[in-house]
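Number 14 in the UniProt record's numbering belongs to position 14 of the sequence shown; there are no gaps in the numbering.
A quick write-up on the structure given underneath.
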Amino acid sequence: MPTTLGLDIGGANLKAADDDDHAVSVPFALWQNPAGLAAALGELCTRFEPADRLAVTMTGELCDCFETKAEGVSHILDAVEQIAGERPIWVWQTSGEFVDPSTAREFWQLTAAANWHATATFVGRCVPEGPGLLIDIGSTTTDLIPIEDGVPAPAGRTDFERLCSEELLYWGVGRTPVEINVTAFAAGARVALPPERFATMRDVYLVLRRVPEAPADRDTADGRPATWDHALGRLARAVCCDRTELSDEQIVVLAKSMHEQLCLEIKEAAMAVGGVPAAVIYAGSGAFLADEVHQTTTLEAAEKVLIADLFSPEVSACLPAHAVARLCAERC
């Protein structure tokens, strides 16, 4: 039986998964190094057994290194073709089907930012009857996708339409600058946050010890390590202070207020787009927020399904790649 490797090619991360339970995510700043995409994908593929075919979805076409989305789609597919050799490539579209790269380029509007649709199509089998809701919380964005009788039922298809319908929130648990909160609670006062990238939501969850430290990782707002200690300093600067002016305890309170605001935003969007679902499916690197988000008047009675429990945390964090691998194995 042919084996399939799924690729989810984003602007900040590259994700790969096979049609079993192996999944890997690696950082790659596509907007800074578009010419290096093929090499980065090739290196990522070496972490898997050689596959007979590649299944692809993407969001990286939005990077500002490309003049248009059509250019971005074509560039990404060029890179995939370089690493594929003679292996067939199948590209997911928001029409709900796989197409060859030539068709994917021609109908780029259906190819661009289609990963959420692949995810919802795959996990829709968890809600075969009645209404459901997928909440996929990533490092940069959160997708809230209504499901009806096992099939994605979004109000929007493009990123713009989904922003308008609140099915796409540009708010995640990693790269999102903390000033998106607008205000936060610090040292007993409600503070308007300055529009500077002093810290990210990853720092919030480092301080709250919800994500592991990564001392070797310097992809942070100030270039210092992704550790609890340095995250405290970055969050202090987010309110124009340093650690001589705020205690560690006060910075933890600040982080909690930012966390609570993120959960509130997701809850409000979920209530707006999801109606009263029979089941809510949680996925993504931020799925650890599921307990807090689920505590709403419209969600708490619904069944809570965690992809990390059904498969693994690695698959949950790379779910679009896993979804296209599984869907391709079933359909192609």
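Note that CB positions come from ideal geometry on N, CA and C, so glycine has one too.
Here the structure is a predicted model, which means the values were calculated and not measured.
For residue i versus residue j, is the C-beta spacing smaller than 9 Å?
i, j, result
"Ala114", "Thr142", "no"
"Trp171", "Leu262", "yes"
"Phe288", "Val173", "yes"
"Val324", "Asp8", "yes"
"Leu246", "Ala186", "yes"
"Ala270", "Thr298", "yes"
"Val276", "Ala255", "no"
"Leu14", "Leu41", "yes"
"Ala118", "Leu134", "no"
"Cys240", "Pro194", "yes"
"Gly274", "Leu144", "yes"
"Val204", "Trp228", "no"
"Pro88", "Cys332", "yes"
"Ala329", "Thr68", "no"
"Pro50", "Val80", "no"
"Val24", "Arg53", "no"
Could you spell out where the alpha helix (DSSP H) holding residue i opens and where it closes?
i, result
"Gly6", "Note, Gly6: premise wrong, no alpha helix (DSSP H); beta strand (DSSP E) at 4-9."
"Arg53", "It is not in any alpha helix (DSSP H) - Arg53 instead sits in the beta strand (DSSP E) that spans 53-58."
"Val276", "Where Val276 is concerned, there is no enclosing alpha helix (DSSP H), given that its DSSP letter is neither H nor E."
"Val315", "313-317"
"Leu246", "No alpha helix (DSSP H) contains Leu246, which DSSP labels as neither H nor E."
"Glu161", "159-164"
"Leu306", "Leu306 -> not in any alpha helix (DSSP H); beta strand (DSSP E) instead, spanning 303-306."
"Phe122", "115-123"
Could you give the residue range of the beta strand (DSSP E) that holds residue i?
i, result
"Asp143", "142-148"
"Ile281", "279-283"
"Gly132", "131-137"
"Arg190", "189-192"
"Gln295", "Segment: none, Gln295 is in no beta strand (DSSP E) and carries neither H nor E."
"Leu289", "Premise fails: Leu289 is in no beta strand (DSSP E) and is neither H nor E."
Check residue i in the structure and name its three-state DSSP category.
i, result
"Asp19", "coil"
"Leu44", "helix"
"Pro34", "helix"
"Val173", "coil"
"Ser102", "helix"
"Leu77", "helix"
"Leu264", "helix"
"Glu97", "strand"
"Pro154", "coil"
"Pro27", "strand"
"Val324", "helix"
"Val127", "coil"
Rounded to the nearest angstrom, how far is the Cβ of residue i from that of residue j, given a contact under 8 Å?
i, j, result
"Ala177", "Arg197", "Note on residue identity: the sequence assigns Pro, not Ala, to residue 177. Contact flag correct, Cβ pair sits at about 5 Å."
"Leu168", "Arg162", "4 Å"
"residue 416", "Ser312", "The first residue shown for the chain is 1 and the last is 332, placing residue 416 beyond what the model contains."
(message) Runs of 4 residues minimum, wholly inside the region 181-240: which ones carry the alpha helix (DSSP H) assignment?
(response) 201-207, 228-237
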